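One rule links them: number in our numbering = place in the sequence shown (from 1) + 13.
Ideal placement from N, C-alpha and C gives every residue a C-beta, glycine not left out.
Being a predicted model, the structure only gives us computed values, none of them experimental.
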Amino acid sequence: MPELLCPVDRRHPLHIDREISDFNKSFNGVITCRDAHEFPIKSNIIDFLPEAHYPGGSIANFSNHFSITASTYETQWRKRSIGWLSGQDFTLQEEANLLLSWIDPYPKNIVVDIGASTGFYTRTVAKAHSDSSVFAIDFSRPMLEEAIRCGSEDQLQFYPMRADAARLPFFDDQVDVLVCGGTYNELSDPEAVLQEMNRVLKPDGVCFMMYLTKAESFSGKIFQTGLLPGGVFFPKSKKAARQFSQAGFEITKTRSMGIVTFQLLVNTRSG
Ligand SMILES: C[S@@+](CC[C@H](N)C(=O)[O-])C[C@H]1O[C@@H](n2cnc3c(N)ncnc32)[C@H](O)[C@@H]1O
């Protein structure tokens, strides 16, 4: 069982129980580091944030804390979004296949989904690799509850964690694979999160990224401009590439469909 890093003092390990990832039983308790920092576990969600903490404070991030957003997110939006946004037919199954094929050659002992929401990527990896330890990170409890509900229907196991991606509870070089679907566009401090992702990723570890770039069409520009005040940003490809490179990543694969970009980033930092 992997140990986590206490996100408060960033020195001591936190031991977590495998039963937390078994959704057949409701797991409640507390984990404590050697310096007595305590983190509650409520209904299988390990909580590293104070209650009602909305890092970034944007409308997009705030809306993710409503149960109605969480319960409709995947059925109403996520399953159609890539098709709508790219203007091409692209099902969730095709997206899952792309993700699995790109991470296939790499070790997957520890996989972390950054901004998991309802855990589409988390569940995709947990289903295909039941011996991996998969962590779903989000700061929205309702989103993680929905991830658990969907995961338990398929008898999947993973660790839901309420945490800030800018302060990940993992040691340096601990994670084999990161997956991050659409979260980059909603980060209030993308540079800090990318650096943190790079810190926890093993040298030569990979990150599967999906994000939206700046639209070229007039209607697309109007649509995206309307979302800017809500805290969603749409970088030009060059800007995203620069941010990834500055954080220590190299882009090794790209598939672009309209404004939707999938990329595989490799950690170029040596251990
Ligand atoms: C676009 S949604 C992610 C969708 C999901 N990855 C998928 O593939 O369906 C962005 C999610 O990231 C979460 N989020 C944004 N910033 C975060 C941060 N700094 N730390 C943790 N979660 C964050 C939000 O709560 C939201 O659920």
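{"Query": "Start and end residues, beta strand (DSSP E) containing Met174", "Result": "172-175"}
{"Query": "Burial state of Asn280 (16 or more Cβ within 10 Å)", "Result": "buried"}
{"Query": "Sequence-distant residues of its chain with Cβ nearer than 7 Å to Tyr197 (five each side left out)", "Result": "Pro203, Met222, Tyr224"}
{"Query": "N- and C-terminal bounds of the alpha helix (DSSP H) containing Met14", "Result": "Met14 -> no alpha helix (DSSP H), and no H or E assigned at all."}
{"Query": "Residue nearest to Phe148 in terms of C-alpha spacing, selected from Pro173, Ala160, Lys140", "Result": "Pro173"}
{"Query": "Coil, strand or helix - Cys163 by DSSP", "Result": "helix"}
{"Query": "Residue interval of the alpha helix (DSSP H) (run including Leu191)", "Result": "Premise fails: Leu191 lies in the beta strand (DSSP E), 188-194, not in any alpha helix (DSSP H)."}
{"Query": "Check: Phe246 C-beta below 8 Å from any heavy atom of ligand 2", "Result": "This structure lacks ligand 2; its bound ligands are ligand 1."}
{"Query": "Close beta carbons around Arg282, own chain, < 7 Å, minus the five adjacent residues each side", "Result": "Asn211, Pro216, Gly261"}
{"Query": "Same chain, Cβ closer than 6 Å to Pro20, neighbours up to 5 away in sequence not counted", "Result": "Phe61, Arg180, Pro182"}
{"Query": "Backbone secondary structure at Ser80 - three-state DSSP", "Result": "helix"}
{"Query": "Given 8 Å, three or more beta-carbon pairs between the stretch 76-86 and the stretch 249-263", "Result": "no"}
{"Query": "Unbroken alpha helix (DSSP H) run spanning Gly96, endpoints", "Result": "92-99"}
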